[in-house]
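Structure record follows, encoded as structure tokens.
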Amino acid sequence: MASNQHVKLFGMVGSPIVARAEIALKLKGVEYEYVNESFSNKSDDLLKYNPIHKKVPVVLHNGKPICESLVIVEYVDEVWTGYPILPSDPYHRAQARFWSKFIDDKVFPAVYKAAWNPNEKEREKGAEEVREVLTILENELKGKFFNGDSVGLLDIAALFIAFWLPLLQEAGGLDLYGGEKYPKLEKWGHDILNHPVIEGVLPPRDLVLTFFKTRFQSISASK
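To convert, count from 1 in the sequence shown and add 1371; that's the numbering used here.
The structure is reproduced here in structure tokens:
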């Protein structure tokens, strides 16, 4: 097992992307130091360790930085033994990577457009795109989790849908996600949010809800 005496996680409280790295480390039982960053005042260390994107999360392992959330999750899975995050079968592993990239390439941009685009027609288009990608994921979900009976890479990547998306919807009065439309995703969301490791990583609900409400209010005030 790799040494876990020199692990730091540079993150921001409330970030769904940072939560991915935290979950991976905790599933493996890795002890780490959490360094909380500020969006408006990023530390010199963060800029040093991620000079390309200048953003969290960054995992510093024995002085070596690993950047980008999905890359971090895979790195943690490869370096530390114990809980398997990616499937052992090469085909299933490739599928987990494909659908995790789908989350980042399709789900996040659609949600962003539906919530924050200044153009009303573009927001409506974004909402339709959100419903389309959620339908695709609803059809892809075959078991208790995307990984089967245990939490895996795709479940970690998709956690935004279970926790952050409903709060964003509530804060903005949006119509994007509901259990009656996506019953399998709703059941998956309930199960994953009650997973002991994930439950311990999630930020306070009120903190995230307040953040989203403040942002919506700020956008409305600027119109």
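Don't be surprised by glycine CBs; every beta carbon is placed ideally from N, CA and C. All figures in this text were calculated on a predicted structure; none of them were measured in a lab.
| query | Per DSSP, which one or two residues make a beta bridge with ASN1407? | reply | GLY1382
| request: Note down, one range per segment and in chain order, each beta strand (DSSP E) of at least 3 residues found wholly within the stretch 1410-1471. | output: 1429-1432 and 1435-1438
| said: Please classify GLY1497 as buried or exposed, where buried requires at least 16 neighbouring CB atoms within 10 angstroms. | reply: buried
| said: How far does the alpha helix (DSSP H) with TYR1548 in it extend, from its first residue to its last? | reply: Element bounds for TYR1548: n/a, residue is neither H nor E.
| request: Note down the Cα distance separating LYS1558 from PRO1422, rounded to an integer number of angstroms. | output: 40 Å
| query | Would you report the Cα separation of GLU1509 and LEU1556, rounded to the nearest angstrom? | reply | 6 Å
| task | Quick one: using the 10 Å Cβ neighbour count with 16 as the cut-off for buried, is PRO1575 buried or exposed? | result | exposed
| said: Below 8 Å on the Cβ atoms is my contact criterion, and I expect ILE1388 with PRO1428 to pass it. Report the Cβ-Cβ distance as a whole number of Å. | reply: 6 Å
| said: Suppose you measure from the CA of ASP1577 to the CA of VAL1430; what does that come to, to the nearest Å? | reply: 27 Å
| field | For ASN1518, the first and last residue of its enclosing alpha helix (DSSP H) | value | Per DSSP, ASN1518 belongs to no alpha helix (DSSP H) and is neither H nor E.
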